[in-house]
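What follows is a short report on a single structure.
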Amino acid sequence: MWQFGIIFLLLISSSTSVPDKKLSKYVTTLINAKWKDTPIVLEVAEYLNDKNPNYFWKFIDAVSSDGDVELSQGTDKQKYDKSIEYASEFLTPAETALLKLSLSLRVYSARIEMFSQMGENRKTEAVNDCTNFADIAGQLTCDPDEIDKLVNLLDNDNDTDLSLYSVDHQYPLSISGQSKIDRKSKARNYVVLYGQIGSLGFAKFHEKLKNLGDSKKIIYVLRHYIRHRAEHRLRLAGYGVELQMKSTEYKATDDSDIKDNSGKEEFENEGVVEIEGINFGVLKNLHPDKRQELDDLEKELLETSDEIGALKVWQFQELSHQAAERIIKSTPSEAINVLTDIAQNFPMQAKSLIRTKVTNEMKKEMKKNQELFFGNLHIQPTDTVLFVNGLFFDLDAIDILGLLETLRTELDVMETLHKIGFSNKKMEKLLALDLSGSYSSDSTQDFAIDIRDSAIIWVNDLENDARYSRWSPSLTSLLRPTFPGMLRNIRRNMYNLILIIDPLSDVSKSLITTAEALYAHSAPVRVGFVFKTNFDMSMTGQNDPSIAVNNAFHYLLETKGPKEAMYFLEVLHEGRKKGSAKDKLEVSHVSKALRQRDPSADVNYILGEESEYDVGRHLASDFIRRTGFKSFPQALLNGIPLEGVSSITDADSFEETVLSMIISHTPMLQKAVYKGEVTEGDDIVDFLMNQPNVMPRLNERILKTDKTQWLTLVGDLPITKDVSSWNPEDTSAWIINNMKYLYMPRRKNTQHLYTYWIVVNLEEAIGRELLREALQYLESNADVRLGLIINSNAENDLNDGINQLALSILDVESSPENREKLISRIENLIKEETAEEIVNGKISTEDYLKKVGIDSKVPSSELEFILRIHKHFVTTVLKLDASLKEQRTVICNGRIIGPLEIDEKFSSQDFALLERFSHSTYGEKLMKNLETYQSIDDDEEKEISDDVIMQIASLLVPRPQTRSRYEIPSSGEQHSVIKIPAANPDQVAFNFIAIVDPVSRGAQKLGSILNTLQQALNCNIKIYLNCVDKNSDMPLKSFYRFVFEPELQFGADGQLVGVSAKFNKLPTSSLLTQNIHAPDNWMVQVVKSVYDLDNIKLDNVAIGVH
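Mind the numbering: the sequence shown is residues -17 to -1, 1 to 1089 in mature numbering (1 follows the signal peptide of the UniProt record, and there is no 0), read in order.
Right, dumping it as structure tokens:
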């Protein structure tokens, strides 16, 4: 996973090994990067940043505050151990193990090098010798004491541009935990520190800049800069090395005696006559009582021999099954090592494998499993695949860095589910549950509003108008083939175009022109209009031009027909300058245009107070409000908003947009007709409006999910009373644990699928209004519970008031049956007349509590503590401005809707829309699966509570599901499957399932990968051996090593020891060719080797090739 698509040049250098006394010759290969080694502490920091940017800054704080010399002057081992010690404060043991695995692959070294190169390019002679330096609007300094002076000298006229990147570390953080990045920003707001964490002098820079960031004077940007570099280059891992045998090596011997030998015992067909000068056939005939000992000696000599024996053609056939038999007979703890040894050294192992007898039970079970694998997963016996918690990886094309990223993502979810309280068995089911719905980035679902509304003025009707009477009404005509882009003339209202326009604005002209053209050319599109008019019923068309247009259009539509009515709208703005504020449309202009279309029209009556054509204004206003549109004109096709309509300036562009939308809708209708979901007798408009994507209203805050933020609701309850030191996760955990909820008691012993948190200040009228709307919605819904978070100034609002009274009322213990009474008390409290009495001091807190039947009041110290926590949640978790007490936010199962604008109304209908949207995207799936999970047998059964449902939703819904998960079918696992249970079954455990032929190229990689993952992670491993039925040739003609270790290796002196591929016990007379199997984005070339790596023959070297 190398950032920015940079292709790194990789170098092969040499290493030295000491041969053993038997002069066992070897081949070693290693890969170095182009750049020099990078400090481990910086890579640890980057890992934590990807995990949670808050951890990144806390890690730096910990390193800087301790000032430990081991990070700057210790050995590599000491630096490594100290960095892991600091990181372990923020990570679980499983996450720490994955961190070590990432460090062994040096995943983040390229990112560190990029930052360091940015520092090298930025520095000047003035800071050339500095280990750390700051860039303040182009001014560089090595002295942290100068920062305050340089920051104070910054002015608003500074035009220095600073390039920022998505990988930059910015402080403070935004609500999502990640810094908001402006690609080009004015440098006066930013101070960039180029420095090395843990180096001398870094802590003072960091403390100074962080304090300035907390005071909101600057935005602190940290980029790693390494002044003193290591001499050696970075050693890489995560690649494979193959020694391929030349095609001249394996020659089958004469097999003409197969028939003669077919009747003999299997052990007599061993194919080995003499080994190391010993004829075992003669010895076994002379000493039949020593046969077992001779067999053991023969096997030992075969396995330790450095040469490859020639095999007969028939002996190749069973090699795959014989290898599987040997693996199955080994102990589970050794099975992976045996698999790895056979696959990676197969040419040397083949001569001993042919002696292995294969059981029929294994063959039968394997055959049945192969049929299931192919029928369900399309996996052939030659394929090698790995499933990580059901996620598919092809071993022939696996990227070890991509696998590591998947492990990180999976572990995050698994650790959170484990913290919630789920066992591994339930966790496996939840991981496979896709709750992302339309939240996923690749979703194409468009939400629509119901267009069966009398506010829409339809100008035509395909089903009833005489001009379309010759068309066929049959829906099956949709299945008729046509030319691409051609619309089918069917007498059904399948395509309904609604134009929502401001009649006083001339920017709607292109839309009106297109509508007129569609009508004039008898296109199979029903066209309707909705006018944005003044809905004040005291106004008439004689004193408001928008009402005049509405009346005139209705008159012309009724008396002259649709064509004249639309032409009236089109010519209304002729002669006026487009977009001119001075040349506004007046009532006189409307009257003039109306007389041009109909000289006999009684304009005074049509526009007057008694006009019969003054209809639909209130309906139109309500429809527009439900669409949620803020700018006009807008267009809907079958209720779905067309993107970018308000910016279209010409009719051709709008026509193309409409036709494209129609063509994209046609396949859905064709599919419905073909499957019988809609029949000839059905109303096609009713069918369209009954689709799940049709909502009673539209609200971009709810339906647009591309910028949606989600809270992390799983944390540990804080143990300190110092609220300011609580982190966001722990603050949310306290809120969950102590929240008092309002809900309707209509259904007993059932969970609430949706939890709303209303963040308001009840001292403000708009805050009380939002809570009233929420309570109004709550009274008609039993699947919802509602909690209150006060957004007040905890320092100044300690006087008894509405916020404190609300908390006191909610604190009263009440049974579910009395919840309606509790809701009634809150409703009465937030009435405007009641609020006014409390604010003006006409009624005291004690008197009000007694009035509503509450005898005791919550102590003021406890109320103060709760208010402080609520305020800390608002400012630290939601990142709202602490000075704006009127800010409001709605949170649904951890999804943040807001902050709402001051003049923005969020009504009870919006709450209902939010619930319906949530139910259609994830709620229905979650509800169906809850009972299934609760029925899974566990030693400790735990009921899924409302809090758990909320935590599951906040965790799984925003998680993108870009890959499918598979269940592995099998008919048996007794004779051909290796099972290795997790070392710690009570802790989070991965599920690794592999399907492999033990003598395939994929098996050469699989063994090393599983061996390393087993050492590094807590995991359950299951390996299905999937052998080829018969081999017609030697299945593997190469030796293989995969460079992948569970953590970094260090020598006795504490210095880092680089990994390499090492081959021992190679045949000395064979001709070998070396191949490097590196990730696709690496470029590898040989830079140093005294041997021809395409023609390696160990007979010609003294010790080995390196």
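Glycine included, every Cβ here is placed at the ideal spot set by N, Cα and C. Here the structure is a predicted model, which is why all the values come from computation and not from measurement.
The segment 1045 to 1057 makes no contact with the segment 33 to 48, as fewer than three CB pairs between them are under 8 Å. Residue pairing of residue 1022 in beta bridges, as defined by DSSP: 226. Sequence-distant Cβ neighbours of residue 382 in its own chain, meaning closer than 6 Å and more than five residues away, are 1062.
At a cut-off of 3 residues, the continuous stretches assigned as beta strand (DSSP E) that sit fully inside the segment 360 to 412 are 368 to 371, 374 to 377. Secondary structure of residue 207 (DSSP, three-state): strand.
Annotation: the segment 449 to 533 contains the following complete segments of the alpha helix (DSSP H) (minimum length 4 residues), in chain order: 492 to 503. Per DSSP, residue 415 lies in no alpha helix (DSSP H) and is assigned neither H nor E. Residue 1013 is bridged by DSSP to nothing; it lacks a bridge partner.
DSSP places residue 871 within a strand segment (E or B) once states are collapsed to three. Spanning the alpha carbons of residue 808 and residue 743 requires a straight line of approximately 18 Å. Following the DSSP letters along the chain, one finds residue 196 inside the alpha helix (DSSP H) bounded by residues 185 to 197. Going by beta carbons, residue 180 and residue 28 fall inside the 7 Å limit.
Taking C-alpha positions only, residue 275 is separated from residue 264 by approximately 13 Å. The C-alpha of residue 499 is placed about 19 Å away from the C-alpha of residue 469. Looking at the DSSP output, residue 938 sits in no beta bridge, so it has no partner there. Excluding sequence positions up to five before and after residue 897, its CB lies within less than 6 Å of the CB of 685, 875, all in the same chain and listed in chain order. In this model, residue 750 and residue 449 are separated by some 55 Å (Cα to Cα). Contiguous alpha helix (DSSP H) elements confined to the segment 76 to 142 occur at 76 to 88, 92 to 105, 130 to 136, taking only those with 4 or more residues. As DSSP reads the structure, residue 963 sits in a beta bridge with 1004.
Three or more beta-carbon pairs separated by less than 8 Å are not found between the segment 843 to 859 and the segment 670 to 685, which leaves the two stretches without contact. Taking 7 Å as the cut-off, the beta carbon of residue 725 is found no closer than this to the beta carbon of residue 837. In this model, residue 356 and residue 337 are separated by some 27 Å (Cα to Cα). Counting only runs of 3+ residues, the beta strand (DSSP E) found wholly inside the segment 757 to 843 occupies 767 to 773, in chain order.
Per DSSP, the continuous alpha helix (DSSP H) segment holding residue 685 begins and ends at 683 to 686. Between the C-alpha atoms of residue 851 and residue 699 there is a straight-line separation of about 18 Å. If you look at residue 173, you'll find it in the beta strand (DSSP E) that goes 173 to 178. DSSP places residue 435 in no beta strand (DSSP E); its state is neither H nor E. Excluding the 5 residues flanking it on each side, residue 770 has same chain C-beta neighbours closer than 6 Å at 722, 724, 740, in chain order. Scanning 1000, 987, 947 for the CA closest to the CA of residue 967 turns up 1000. Inter-residue distance for residue 980 and residue 303 is about 7 Å (C-alpha atoms, whole angstroms). Residue pairing for residue 1045: DSSP places it in a beta bridge opposite 11.
By the Cβ-count criterion, residue 893 is buried, with 16 or more other Cβ atoms from all chains shown falling within 10 Å of its own Cβ.
Annotation for residue 990: no beta strand (DSSP E) segment contains it, though the alpha helix (DSSP H) segment containing it runs 984 to 999.
Here residue 1032 is bridged, per DSSP, to 1040.
Residue 83 is positioned such that its CB atom lies closer than 7 Å to that of residue 1030. In the displayed model, residue 584 falls within coil according to three-state DSSP, outside both helix and strand.
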